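Counting from 1, one number per residue, gives the positions in the sequence shown under the UniProt record's numbering. I have placed the structure first, in the form of structure tokens, so that the comments after it can refer back to it.
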Amino acid sequence: MSNMSTISEENVEPTLESDKKEDPQNVLNKSAIPEKAKNAVLVESAPLPKGTPTVKGYDWNRGVNYSKLLETFRYSGFQATNFGLAVEEIKKMLECRRVPLLEDEMDIHEEDEFIRRRSNCTIFLGYTSNMVSAGVRDTIRFLVQHRMVDCIVTTAGGIEEDLIKCLAPTYIGDFNLDGRKLRERGINRIGNLLVPNDNYCLFEDWVMPILDNMLAEQKQKGTFWTPSRMVARLGKEINNPDSIYYWASRNNIPVFSPALTDGSLGDMMYFHSYRNPGLVLDIIQDIRRLNTIAVKALKSGMLIVGGGVVKHHICNANLMRNGADFSVFINTACEFDGSDSGARPDEAVSWGKIRKEATPVKIYAEATLVFPLLVGETFAKYYHSSKVKAESDV
């Protein structure tokens, strides 16, 4: 039995792979693209709507022209496109603002000159304290100096940092400086900015007599102080044209700060409550003033740099008029954590804080890069063109 098995194996010739005859149909299939892959990759496009913009950047062969460069951002894509859309949104605010008030729209019966309607479009400006710590302060000051906004909402730091800069400078440092060594030297770090602690000591020396006078007026004249009235007083007392709040006080632009105690100003009020107790700030008067400004607005625009209480306070005021007509947000926050800072404008639409028919814009960007450019393309051009026209009319 074993011999037969051996013979059988020896007589069988091995079949080589090369000896197999190829099916002509298989050869044809190997040279053709599989239909499934072809259909997946080469999907036929539907036509885009007529007039859809095409992507195109700036041609540097035209020379170095930063204004022309910024004009191309609208068609560059990503956050550059959002920048371009924000420029268009602010221009809508300014065009609306240019329309003069009719006689019956004049707010002549409003006794509080800080909340009196001034234009066809009331512009709310909000910003966080880091913008004032940085050089953006000077851009904000320009807007307030030339009455290009009607109402401000900021944090305690957004107020005190401006006033402190009138007393002593802030310096450029580095993000990587050692916090322990800075503390030992009495140097405070804000990102890559440095503020000597002596600056806050100067601030204390300056502000304490003002708080004393405010308390005296409260007791003797029955003055009701609010955060916004306090900021107006501080702006008047600083008497420095480099200050945002000097111009806000001079131009009767109200500055609201619902978290006024959250900062060095709060520290000063805390110390003052021991040295000379009794000063009272009424936040209820302020929420009424802010909301009244929104309710009175014929059209409303929001320009908010940063997030947190500043962003929500302005948006919530505009809820009182069923939403803002124009809105631009600039911040780096994302919405995945449910924060108000990260919320896209569409979320505000759902709350009635932005109108359903509005075209709001959010730029996801670090504001020291973006905000001065945005002002340069909108408010600054508007101001200087109006100034030239006024001079030519003389």
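Ideal Cβ positions, reconstructed from N, Cα and C, are used throughout, including at glycine. Being a predicted model, the structure only gives us computed values, none of them experimental.
- By the neighbour-count criterion, in which a residue is buried when 16 or more other Cβ atoms sit within 10 angstroms of its Cβ, H109 is exposed.
- For a cut-off of 8 Å, the C-beta gap from G126 to V153 is around 4 Å, short enough to register as a contact.
- Distances from the alpha-carbon of D262 to those of L42, R98, R62 and G158 put G158 closest.
- With respect to the 8 Å criterion, G307 and S341 are classified as neighbours on the basis of their beta carbons.
- In this structure, P227 keeps its C-beta atom at 8 Å or more from the C-beta atom of D150.
- Annotated as distal: S119 and E161, with beta-carbon spacing of 8 Å or more.
- C151: member of the beta strand (DSSP E) spanning C151 to T154, first to last residue.
- Contact holds between the stretch 249-262 and the stretch 296-313, because three or more Cβ pairs, one in each stretch, are under 8 Å apart.
- Excluding five sequence positions before and after L167, the CB atoms of its chain that fall closer than 8 Å to its own CB belong to N199, L202, F203 and W206, given in chain order.
- Put simply, the backbone Cα of E111 is about 43 Å away from that of P196.
- K165 counts as buried, since no fewer than 16 other beta carbons sit within 10 angstroms of its beta carbon.
- In summary, M148 is buried, with 16 or more beta-carbon neighbours lying within 10 Å of its beta-carbon over all protein chains present.
- DSSP lists no bridge partner for A317.
- Given a length threshold of 3 residues, each whole run of the beta strand (DSSP E) inside the stretch 272-330 is given here in chain order: 299-305.
- Residue state for T122 is assigned as strand, using DSSP reduced to three classes.
- Take the alpha-carbon of L373 and the one of F83: they are about 9 Å apart.
- Between the C-alpha atoms of V231 and V144 there is a straight-line separation of about 14 Å.
- In the displayed model, K356 falls within coil according to three-state DSSP, outside both helix and strand.
- Contact check for W351 against L303 fails: the beta carbons are separated by 8 Å or more.
- Per DSSP, the continuous beta strand (DSSP E) segment holding K362 begins and ends at V361 to Y364.
- Boundaries of the beta strand (DSSP E) harbouring R189: I187 to I190, taken from the DSSP string.
- Counting C-beta atoms within 10 angstroms of its own C-beta, E184 has fewer than 16 neighbours from the protein chains shown and is therefore classed as exposed.
- The residues Y58 and R62, in chain order, have a CB closer than 8 Å to that of K68 in the same chain once the five nearest residues on each side in sequence are set aside.
- A straight line joining the alpha-carbon of G135 with that of I123 spans about 22 Å.
- In the structure shown, the three-state DSSP call for V195 is strand.
- Around the C-beta of S243, 16 or more other C-beta atoms lie within 10 Å, and the residue is accordingly described as buried.
- The shortest C-alpha to C-alpha distance from K381 to any of E44, I314, E95 and T72 is the one to E95.
- For W225, the beta-bridge partners assigned by DSSP are L281.
- Per DSSP, reduced to three states, the secondary structure at V349 is helical.
- Assigned with DSSP and collapsed to three states, I90 falls in helix.
- Residues of the same chain with a CB within less than 8 Å of the CB of N130, apart from the 5 flanking positions on each side, are G157, I190, G191 and G306 in chain order.
- Contact check for A365 against T332 passes: the beta carbons are separated by less than 8 Å.
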